[in-house]
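Residue numbers (the working numbering): 110 to 314. Beta carbons: idealized from backbone N, C-alpha and C, even for Gly. Predicted model only: the values in this text are computed from it and were never measured.
Written out as structure tokens, the structure reads:
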């Protein structure tokens, strides 16, 4: 199977690893964003195209990885994804150093380690931005501490709508990276639901 971006499931040795890292607790084909527990989903037109676009970018840069230029691979993707590269590079080589000798020659495993670091960092940055957006809605009425407590209550129960909103925020970032014109309606619609839950929590605090 091959997508419009030229990403082939059976023609690239890292496809399964990369697809898994990009999809776990986030995306289900063909076009659904899921919450972290994979219990709820939102169909988002173009989300599959966005994921395939990311895979294509990583595939293009994987030539560096195959040549043993792992640091250059991480630097290039970090710059493309607009995240700090030094922290990711340091963490990658620390993890590789601690691998069992039998795992060190395994290119697929090392790709998983490298890409996991990049994607985790990217997810955290996007999630922090979503939290900032939510806090902005209430900052005129409530203290930052109280707002954080109200959002924290949703995190404590692993609220599915908040989880989906965070993942939709991540998808927005991905869309910008691959230059896909993603409708804001998905994020905005879910944001309304989450804001109502935060408001209710604020009233009870």
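Whose C-alpha, out of the options, is nearest the C-alpha of residue i?
i: residue 189; options: 288, 245, 278; result: 288
i: residue 282; options: 236, 269, 310; result: 236
i: residue 232; options: 313, 171, 187; result: 187
i: residue 152; options: 269, 139, 159; result: 139
i: residue 274; options: 243, 261, 290; result: 243
i: residue 134; options: 267, 227, 143; result: 143
i: residue 230; options: 251, 267, 279, 161; result: 279
i: residue 319; options: 303, 216, 179; result: Because the chain here runs from 110 to 314, residue 319 falls outside it and cannot be looked at.
i: residue 125; options: 161, 173, 204; result: 161
In this structure, what does DSSP give as the bridge partners for residue i?
i: residue 138; result: According to DSSP, residue 138 bridges with nothing at all.
i: residue 143; result: 150
Give the range of the alpha helix (DSSP H) segment to which residue i is assigned.
i: residue 126; result: 124–132
i: residue 301; result: 294–313
i: residue 216; result: 216–245
i: residue 157; result: 156–175
Find out if the Cβ-Cβ distance for the pair residue i, residue j is shorter than 8 angstroms.
i: residue 272; j: residue 145; result: yes
i: residue 183; j: residue 176; result: no
i: residue 221; j: residue 286; result: no
i: residue 258; j: residue 314; result: yes
With H, G and I counted as helix, E and B as strand and the rest as coil, what does DSSP make of residue i?
i: residue 266; result: coil
i: residue 211; result: coil
i: residue 291; result: coil
i: residue 193; result: coil
i: residue 114; result: Legend: pLDDT at residue 114 = 42, less than 50; position of this residue unreliable, no value from coordinates given.
i: residue 120; result: coil
Output the boundary residues of the beta strand (DSSP E) element that contains residue i.
i: residue 152; result: 150–152
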